[in-house]
Each structure stands twice: as C-alpha cells, then as structure tokens.
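Q: Here's a structure for you.
Number of protein chains: 2
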Amino acid sequence: MARAATTSDAFNAVAEPRRREILEFLANEERPVGDIVLRLRLEQPSVSKHLRVLRDVGLVRVRREGRNMFYRTNAEAIRPLHDWTGEFARFWRHQLSSIKERAEAKVKHGQAEAISFKEES
Amino acid sequence: MARAATTSDAFNAVAEPRRREILEFLANEERPVGDIVLRLRLEQPSVSKHLRVLRDVGLVRVRREGRNMFYRTNAEAIRPLHDWTGEFARFWRHQLSSIKERAEAKVKHGQAEAISFKEES
DNA sequence: TTGACATATGCCTATATGGGAATGTATTGT
DNA sequence: ACAATACATTCCCATATAGGCATATGTCAA
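Going down the list, the sequences are from chains A and B. -8 is the number of the first residue of the first sequence in the numbering used here; add one for each residue after it. -8 is the number of the first residue of the second sequence in the numbering used here; add one for each residue after it.
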C-alpha cells in the first residue's frame, strides 16, 4: 500500500509545509485565493489544490463573494493535533533526553521555534 | 514532485497512524521491537521500518541490550508540533466554528461575532 | 562453529502525491 | 453576447511511500 491520503485527516494534511503556511496566513482573517498566490509565490492551481485538501479535512472554510473565494482557517480542526501532541507534554518535562541534547539546548538557547503570524506585507 | 519524505520532519513522520501508535506505546517506557509487533499486530519488518523513520527524525531513541533493541519515545521531538498547533489556540477560543455552536453561544452569552472579515484590494 | 533468536534491510508493487501546463467553470462588466 | 477576471479541475510525470516477502546482520548459547 501507499501512504495514507493527504485528505485522510488533519495530520496528513498539515504534513505539507505549504499547507501549513497557508493555514498560518489564513489564521487571522479570510483571504481570496489570489492573496495566497501572491503571498506564497506559488502557481494558482497549486494553491487551489492545497486549499482543496485543507477544505476536505475541514482545516479551512470558504465563502464565495462574487468572483472571489474567501478562505479562512478553521482553528477547531487543528485542536486534535494540539491535544494529541499535548499528551506527551508531561514526558518532555520530566525526561532527560540525552547529554548531547542538553548540550545543544544550552548552546542554542534562543531557538524557541516560535512561529509568527504576519499580518500584512 | 512527489510528497515530502516521511523522514523530512516530525510532521511527516507522525502523519502515519501506525507511527503515532508506536509513539504512544513507547511514551511511558522503552520496549523491544518484539513488544511493539505484538501490540500493534504488524509484521516485524513493518515495525522496524516505522521505527527507522521515527529514529531518523529523532522521535524515538534506541539502545541495544543483547539481541534486543529498546526503543523509547523522545517527547522533545514532538514539542515543535505542539508549539505550532498551539499558535492557533487563541483562534479556536474566539472563533465560532459552526452554526450550532454560534447558536449555543448566543443563547449562553449573547456574544457577538469576534472575528472581523475585512476586505482588501 | 552451529543454531536459534531479534531485528534490520532489500526488493517488489500498487497507489497517492505535488508541480507544471492546459483547460474548464462561474461571475462580473460592457 | 462577449471579454475579462478569479478559481477549480484535469492530465502528465517523477517520486516516495507501506506492506508483503525474502534475506542479511548481529548476538547469545551450547
């Protein structure tokens, strides 16, 4: 068998980096497809296809307004991922991973892996 | 191009349901491969291959003891996923995801729509 | 060394993918 | 009606699976 479909669940859908970028971009407010194309610098068909996947798993919602399709992130659909990963929180608090990791942690202390949701460009 | 490799990052690695099960099983304590085989009822080669993927992205650590390979989940590697999904928490708190929810919200608090759907040219 | 055991890797195949290019569809303006 | 605009869909293709099966590697015991 092959890999599970990208549309099988939110886990598979967000595995694609571009789709994560789209979700970040659409988190604050709804946007027409054209805006996403400009922002991510992808071909329009690619964006439409990514949106199709996100839509199929409920990660985005869409609304038509004239010729435009306004998409927005449906944060609720991301919640299961947050919940699942959160189950491991108690372990990363009490676990001493490895000597090597501790050393790395000290070195790159500022690398907090924070994702920023830029409003406009 | 095809899909990104399962070993490209934790997002892709955990997209596979079986690998998530493995991570859950190995969260509390280390286990030899044989235990995972029995637990998940998969063929041993499949388990080994899944473990290889998880190992490549740092989601599990391994230790040899005689003929056995003891694997355990490295929760730290799951943290980035938790952090990323957590960025959307403020949205699922303020967003009304469905008509049903909106109706309930109105009844309970008489709360107005919090998200502004701004238009842009 | 030989054999049993535990695990890893290689090979094969059906399947789904993401990007590019072309085309289809819906809506608006004239 | 017709052209333009905004998206969506289809087709093609190189690539990476995941599972099944066979085989290789590594370790221990006799």
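We put the CB at the ideal spot given by N, CA and C, even for glycine.
Apply the 10 Å Cβ neighbour rule to arginine 54(B) and answer buried if 16 or more other Cβ atoms are within range, or exposed otherwise.
A: Here residue 54(B) corresponds to residue number 63 of the second sequence, with the count starting at 1. Label assigned to arginine 54(B): exposed.
Q: Name the chain B residues whose beta carbon is nearer than 8 Å to that of glycine 77(A)?
A: Along the first sequence, read from residue 1 onward, the residue named residue 77(A) stands at position 86. Chain B residues near glycine 77(A): His73.
Q: Taking only three categories from DSSP, how would you classify valine 24(B)?
A: Here residue 24(B) is taken as the residue at index 33 of the second sequence, counted from 1. Three-state result, valine 24(B): helix.
Q: Please decide whether glutamine 2(A) counts as near chain B, where near means a Cβ-Cβ distance under 9 Å.
A: Start at 1 with the first residue of the first sequence, and residue 2(A) comes out as number 11. For the record, residue 2(A) in the displayed sequence is phenylalanine; it is not glutamine. Yes, phenylalanine 2(A) lies at the interface with chain B (some Cβ there is under 9 Å from its Cβ).
Q: Within 9 Å of any Cβ in chain B, is that where the Cβ of serine 88(A) sits?
A: Position 97 of the first sequence, counted from the first residue, corresponds to residue 88(A). Because the pLDDT at serine 88(A) is just 49, under 50, the model does not fix this residue reliably, and the value given afterwards should be weighed accordingly. Interface residue, yes.
Q: Any C-beta of chain B sitting closer than 9 Å to the C-beta of glutamate 7(A)?
A: To locate residue 7(A), count along the first sequence from 1; it is residue 16. Closer than 9 Å to some Cβ of chain B, the Cβ of glutamate 7(A) qualifies, so yes.
Q: List the residues that DSSP assigns as beta-bridge partners of methionine 60(B).
A: As a first step, residue 60(B) must be located in the second sequence, where it is residue number 69. In DSSP, methionine 60(B) forms a bridge with Arg55(B).
Q: Of all the options Arg58(A), Asp47(A), Pro8(A) and Glu56(A), which has the alpha carbon lying nearest to the alpha carbon of alanine -4(A)?
A: By 1-based counting over the first sequence, the position of residue -4(A) is 5. That would be Asp47(A), whose Cα lies nearest to the Cα of alanine -4(A).
Q: Pull up the distance between the alpha-carbon of glutamate 21(A) and that of serine -1(B), whole angstroms please.
A: Mapped onto the first sequence, residue 21(A) falls at position 30. Mapped onto the second sequence, residue -1(B) falls at position 8. About 30 Å.
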